[in-house]
Amino acid sequence: MSGDNAGQAAPVPPGEAPSLFTGPRWLIPSALLRELDPDTERAGRRPRRTARDWVVDFCCFALAVLIGMIAMESLVENPHVPVGLAVVDQVIGALACAAVWLRRRWPLGLAVALTPVTFVSDTAGGAGVIALFTLAVHRPFRYVAWVGGVNVALVPLFYWLRPDGDISYLVSVVFAVLLTVAIVGWGMFVRAKRQLLLSLRDRARRAETEARLRAEQAQRLAREAIAREMHDVLAHRLTLLSVHAGALEFRPDAPPAQTARAAGVIRESAHEALQDLREIIGVLRAGEPDDTGRPQPTLGALDTLVAESRQAGMKVSLDQRVGDPAAVPSSVGRTAYRIAQEGLTNARKHAPGTEVTVSVTGAPGDGLTVRVHNPPPEGEVPPVPGSGQGLIGLRERATLAGGRLEHGHTPEGGFEVRAWLPWACGPVLV
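The structure is reproduced here in structure tokens:
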């Protein structure tokens, strides 16, 4: 049996999830098929009967006719029923059996209409049973309780007014009540099975949607990580290029040795920037990091970073009070390196010519503190477009590492970036 609202499944927006039903469509009730295949509902048409629907509807009609014929035979043999009343009863029963074909479209209306009809007509009893069963399959329990309760309440009155000649009054009432309860229970069982099927369908769709959202989130996080890495690496390299190219532009009369050194730094920085960019593009193409590429810089590479900045003409003072930089966990050391790199890049852009102080202190159990400070610049410095994005990325990087990062102007007018990163005691797996 199928119904218009078998299982109140939530409608699925177009394009959100494909149909989960891939079996033979003719074996599924039309109303249930509409829930399993949302394309049928989106077409704006009522679902057409499937082959199973036609077979079931015909069987229901045949059952209603068979019960009506049995009742008609008993009715004819009953001496207490006039012939005219028997004829009217048979006509009403025939119409009630024909109305069984409307049970899929109006289950509640048919059950309500057949309740008084079955009270006055014996031959309409089969159609009334089919209508009550269909109502239990199609509609929630509150409708079934009202209609079924009225039918049960009318049973004693029916057999009081029209007693059966072969069966006692008490047996007739008990049998009719039990039959009504059994029909309702069977219909509710069928409805529960369909609701379970639709709930499993919805659960599968939700799981599929959640899996897609998790994949999209992982992809977005990976892209953000690549974007932060690109900013941290390329901003430093390109700033060195800009500084040395500007020096060559404004000092065409510089000594050959200084010009050669600046050109070497430009060549080396351009080569490093291209290498970093090639690695990032390789990650985007392959979808996973290249294990054969260059190792990521850690705290041990901080001396090289400071040396590169000094070659670019910066005044950098390094105060590293970490006994063994190699003992720092690689994830923490890499984050500390990026913080120092971004701090030097910002100082080169916003406070050129000033002396930058980079200090790194810490010990296992106390954490690692990174501080980059520069005094206020001398004179006006033109604003740099897109400033502040690197610091936002650094704060997020420090937060992901379990630490914190603060930045801002000092009372003297300078600028300071200060970060604390956790450094646990004992071996750390990364």
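So for the sequence shown, my numbering puts the first residue at 802; every next one is plus one. C-beta atoms are modelled at their ideal positions from N, C-alpha and C, and glycine is treated no differently.
Checklist entry - By a C-beta neighbour count over all protein chains shown, 10 Å radius and 16 as the cutoff for buried, is R1149 buried or exposed? => result buried
Next on the checklist: Across the region 933-941 and the region 954-970, are there enough close Cβ pairs to call them in contact, namely three or more that are closer than 8 Å?
Outcome noted: no
Next on the checklist: My assumption, with CB atoms under 8 Å, is that M873 sits in contact with T924. Please give the rounded CB distance.
Outcome noted: 5 Å
Checklist entry - When you compare only the Cα positions, how much space is there between R1068 and Q1059? => result 14 Å
Item to check | Start and end residues, alpha helix (DSSP H) containing W902 | outcome: No alpha helix (DSSP H) holds W902; DSSP gives it neither H nor E.
Next on the checklist: Does the structure place the region 926-938 close enough to the region 959-976 that three or more beta carbon pairs sit under 8 Å?
Outcome noted: no
Item to check | DSSP beta-bridge partners of Q1097 | outcome: Answer by DSSP bridge pairing: none, since Q1097 is not bridged.
Next on the checklist: Relative to the C-alpha of Q891, which candidate in A865, E1009 and P1223 has its C-alpha closest?
Outcome noted: A865
Item to check | Same chain only: Cβ atoms within 7 Å of A1137, ignoring 5 sequence neighbours per side | outcome: L1100, V1161, L1169, V1171 and L1222
Checklist entry - Which partner residues does D1120 have in the DSSP bridge list? => result S1160
Item to check | Alpha-carbon spacing of A1016 relative to A852, whole angstroms | outcome: 41 Å
Item to check | Coarse secondary structure for T1170, derived from DSSP in three states | outcome: strand
Next on the checklist: What residue range does the alpha helix (DSSP H) around A937 cover?
Outcome noted: G926 to H939
Checklist entry - Helix, strand or coil: how does DSSP classify W1224 here? => result coil
Next on the checklist: Excluding the 5 residues flanking E1025 on each side, which residues of the same chain have their C-beta closer than 7 Å to its C-beta?
Outcome noted: none
Next on the checklist: Please report the straight-line C-alpha distance between P1212 and L1014, rounded to a whole angstrom.
Outcome noted: 46 Å
Checklist entry - In whole angstroms, what is the alpha-carbon distance linking E1115 and N1147? => result It should be pointed out that residue 1115 corresponds to Met in this sequence rather than to Glu. Rounded to the nearest angstrom, the two C-alpha atoms are 12 Å apart.
Next on the checklist: Between S1110, Q1142 and I868, which has its C-alpha nearest G1154's C-alpha?
Outcome noted: S1110
Checklist entry - How big is the Cα-Cα spacing for V972 and L876? => result 19 Å
Checklist entry - What three-state label does DSSP hand V1182 in the structure shown? => result coil
Checklist entry - To the nearest angstrom, how far is it from the Cα of C861 to the Cα of G910? => result 17 Å
Next on the checklist: On a Cα-Cα basis, can you pick out the residue from V1107, R1122 and P1165 that is closest to P1130?
Outcome noted: P1165
Checklist entry - Quick one: what's V1218 bridged to in DSSP? => result V1173 and H1208
Next on the checklist: For Y970 and F920, I'd like the C-alpha separation in whole angstroms.
Outcome noted: 16 Å
Next on the checklist: Please classify G988 as buried or exposed, where buried requires at least 16 other C-beta atoms within 10 Å of its C-beta.
Outcome noted: buried
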